[in-house]
Amino acid sequence: MAVAAAAALLDELMGRYRNLAPTDKTKDLNWEDPEFCKYYMVKFCPHDLFVNTRADLGACPRVHDDEIKELFEKSTSSKKQAYEDEFIRFAQSMLNEVE
0 MAVAAAAALL DELMGRYRNL APTDKTKDLN WEDPEFCKYY MVKFCPHDLF
50 VNTRADLGAC PRVHDDEIKE LFEKSTSSKK QAYEDEFIRF AQSMLNEVE
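In numbering that gives the first Met the number 0, the protein residues as written are 0 to 98.
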């Protein structure tokens, strides 16, 4: 867990391609990659919402990237609606747990 947190911090500070040699090619960013947080792209990540409360979900296992969020917002893909629907279902399930 500590290794993942350290890697996430290094990615945030130095970029996700920090370990690549200057001659290595980077892959194109795609918002549909599973490494990126769907909820963060739609609006916000619930993992960041209730920090240090009884409803704390812990750290998000996915990457939060503003550049990917912009790509998502500009996209016209039909998958975008599915991400939004999933976000609403997750938010509703969290609300039901609290009530």
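No residue lacks a Cβ here, since even glycine has one placed at the ideal position from N, Cα and C.
Quantities reported herein were computed from a predicted structural model and do not represent experimental measurements.
Round the Cβ separation of glutamate 34 and arginine 53 to the nearest angstrom and send it over; I've been treating them as touching at under 8 Å.
In fact, because the Cβ distance is near 29 Å, the residues do not count as touching under 8 Å.
C-alpha gap between leucine 94 and glycine 57, whole angstroms
17 Å
Please decide whether glutamate 83 counts as near chain D, where near means a Cβ-Cβ distance under 8 Å.
In summary, chain D is missing from the structure at hand, where a single protein chain is found.
For phenylalanine 35: DSSP bridge partner residues:
Answer is Val62, bridged to phenylalanine 35.
Counting only the same chain and skipping the five closest in sequence on each side, list residues whose C-beta sits under 8 Å from that of proline 45.
Tyr38, Leu56, Phe89, Ala90 and Met93
Taking just the CA atoms, how far does aspartate 65 sit from threonine 22?
26 Å
I need the DSSP call for lysine 79, collapsed to helix, strand or coil.
helix
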